[in-house]
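S.K.: Structure provided below as structure tokens; questions to follow.
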Amino acid sequence: MEITWKEVSYINQKNLQEALTLYHDSFPIEVREPESVFLQSLRNAETRLPNQYHFLVGYKDNELISMVTAHYLADVNTGFIVYLVTNPKSRSKGLGAQSLQVIEHILQEDSTAAGYESLDAIVLETETPEMVHSEKEKDDCLKRTNFFMRNGFYKVKDFLYLQPPIHDDGVDVPLHLFIKTIGKQELPLSEVRRIVKAMYVEKYYHANGIEKEVLNRSYNKMNVEKSSLFY
Numbered sequence: 001m002e003i004t005w006k007e008v009s010y011i012n013q014k015n016l017q018e019a020l021t022l023y024h025d026s027f028p029i030e031v032r033e034p035e036s037v038f039l040q041s042l043r044n045a046e047t048r049l050p051n052q053y054h055f056l057v058g059y060k061d062n063e064l065i066s067m068v069t070a071h072y073l074a075d076v077n078t079g080f081i082v083y084l085v086t087n088p089k090s091r092s093k094g095l096g097a098q099s100l101q102v103i104e105h106i107l108q109e110d111s112t113a114a115g116y117e118s119l120d121a122i123v124l125e126t127e128t129p130e131m132v133h134s135e136k137e138k139d140d141c142l143k144r145t146n147f148f149m150r151n152g153f154y155k156v157k158d159f160l161y162l163q164p165p166i167h168d169d170g171v172d173v174p175l176h177l178f179i180k181t182i183g184k185q186e187l188p189l190s191e192v193r194r195i196v197k198a199m200y201v202e203k204y205y206h207a208n209g210i211e212k213e214v215l216n217r218s219y220n221k222m223n224v225e226k227s228s229l230f231y
């Protein structure tokens, strides 16, 4: 499938609203983030180097068919894919795998720019089976899990991961953490904890603007050493 990829930036938001329409159509309101989070992330891409943020859109025949967003976390040399969305009309055609390949290549470039030889890992969050409410949602959840595993990711075991509250309800959300390592074996839990800390600080503090007290509380609920994220 021949796809034209474009990157949205803070100074060039030409394709942003069309992509956000696909985003809103793809997720229930309970899990959607405010559009201000995307804008702040784009702003951070200009100011928080060598950390990075990417908002990619893919077009085929002038139709938007894919959207991918990801952070590069320089301290742990890891990419964090936040959203991978495909147009329902174009699914099951290798589009998801191609979208992953494109963002991985860009994250590799971020790693090189930050002074590393190669990217260490890519991480992402997915819902747990306990979150689904219907047979269709259960089937979709299983398909997503199988998709990521086919594309080199593994599910982190023996680790309670919590997404901090992204809404005003103050509720942490238990999610699965999937990781793809680049040229190495599965990461030890000590390294996973370092990655989670970087995710919390770069994404949920600097992009989402969640208060430090809230993030520390969520972080310390996980099976990690009791400590502060910010010192």
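Numbering of the sequence shown is given in full-length UniProt numbering, commencing with residue 1 and proceeding in unit increments.
Cβ coordinates follow ideal geometry from the N, Cα and C atoms, glycine included.
At 3 residues or longer, what runs of the beta strand (DSSP E) sit wholly inside the stretch 88-171?
M.R.: You should have 121-126.
S.K.: Between L49, K14, Q40, which lies nearest to A113 when the distance is taken from Cα to Cα?
M.R.: Within the sequence shown, the letter at position 113 stands for residue 113. Selected option, being the one with the closest Cα: L49.
S.K.: Give the secondary structure of I65 by DSSP, where H, G and I count as helix, E and B as strand, and everything else as coil.
M.R.: Residue 65 sits at position 65 when you count from the first residue of the sequence shown. Residue state, collapsed to three classes: strand.
S.K.: Helix, strand or coil: how does DSSP classify Y53 here?
M.R.: For the purposes of this step, residue 53 is taken as the residue at position 53 of the sequence shown. Strand.
S.K.: Roughly how many angstroms lie between the CA atoms of L119 and A74, to the nearest whole one?
M.R.: In the sequence shown, residue 119 corresponds to position 119, counting from 1. In the sequence shown, residue 74 corresponds to position 74, counting from 1. Answer to the nearest angstrom: the Cα atoms are 10 Å apart.
S.K.: With C-beta atoms as the reference, is N220 less than 9 Å away from Q40?
M.R.: For the purposes of this step, residue 220 is taken as residue 220 along the sequence shown, with counting starting at 1. For the purposes of this step, residue 40 is taken as residue 40 along the sequence shown, with counting starting at 1. No.
S.K.: DSSP three-state call for F38: helix, strand or coil?
M.R.: One-based indexing of the sequence shown puts residue 38 at position 38. If DSSP states are grouped into helix, strand and coil, F38 belongs with the helices.
S.K.: Quick one: using the 10 Å Cβ neighbour count with 16 as the cut-off for buried, is V171 buried or exposed?
M.R.: Along the sequence shown, one-based indexing puts residue 171 at 171. V171 is exposed by the Cβ-count criterion.
S.K.: Helix or strand or just coil, what does DSSP make of Y10?
M.R.: In the sequence shown, residue 10 corresponds to position 10, counting from 1. Y10 falls in the coil class under three-state DSSP.
S.K.: Counting along the chain, where does the alpha helix (DSSP H) carrying V196 start and finish?
M.R.: Residue numbering aside, residue 196 sits at position 196 when the sequence shown is read from its first letter. Segment 189-199, the alpha helix (DSSP H) holding V196.
S.K.: For the beta strand (DSSP E) that contains K180, what are its first and last residues?
M.R.: Reading the sequence shown from its first residue, position 180 is the one you call residue 180. Counting along the chain, the beta strand (DSSP E) containing K180 begins and ends at 176-181.
S.K.: Counting C-beta neighbours from all protein chains within 10 Å, is the total for H176 16 or more, i.e. buried, or is it exposed?
M.R.: Position 176 of the sequence shown, counted from the start, is the residue given in the question as residue 176. Buried.
S.K.: Within its chain, find whatever has a CB closer than 7 Å to the CB of E35; leave out the 5 residues flanking it on each side and keep chain order.
M.R.: As a first step, residue 35 is located in the sequence shown; it is residue number 35 there, counting from the start. Taken in chain order, the residues that qualify are L20.
S.K.: How far does the beta strand (DSSP E) with residue 270 in it extend, from its first residue to its last?
M.R.: Because the chain in this structure spans residues 1 to 231, residue 270 falls outside the shown range and cannot be described.
S.K.: With respect to the alpha helix (DSSP H) encompassing V214, which residues constitute its N-terminal and C-terminal limits?
M.R.: On the sequence shown, position 214 is the one that residue 214 refers to. Unbroken alpha helix (DSSP H) run through V214: 212-221.
S.K.: When every heavy atom of the ligand COA is checked, does at least one fall within less than 8 Å of the C-beta of L175?
M.R.: Looking for the ligand COA in the displayed structure turns up nothing, as the structure carries no ligands at all.
S.K.: How close, in whole Å, do the beta carbons of P164 and I210 come, if the pair is a contact with beta carbons under 8 Å?
M.R.: Position 164 of the sequence shown, counted from the first residue, corresponds to residue 164. Position 210 of the sequence shown, counted from the first residue, corresponds to residue 210. With a Cβ gap of about 6 Å, P164 and I210 count as contacting.
S.K.: Going by CA-CA distance only, name the one from Y83, S26, Y200 that's closest to L56.
M.R.: Reading the sequence shown from its first residue, position 56 is the one you call residue 56. Checking every option, the nearest Cα to that of L56 belongs to Y83.
S.K.: Identify whether H206 lies in helix, strand or coil by the three-state DSSP scheme.
M.R.: Position 206 of the sequence shown, counted from the start, is the residue given in the question as residue 206. Here H206 sits in coil by DSSP.
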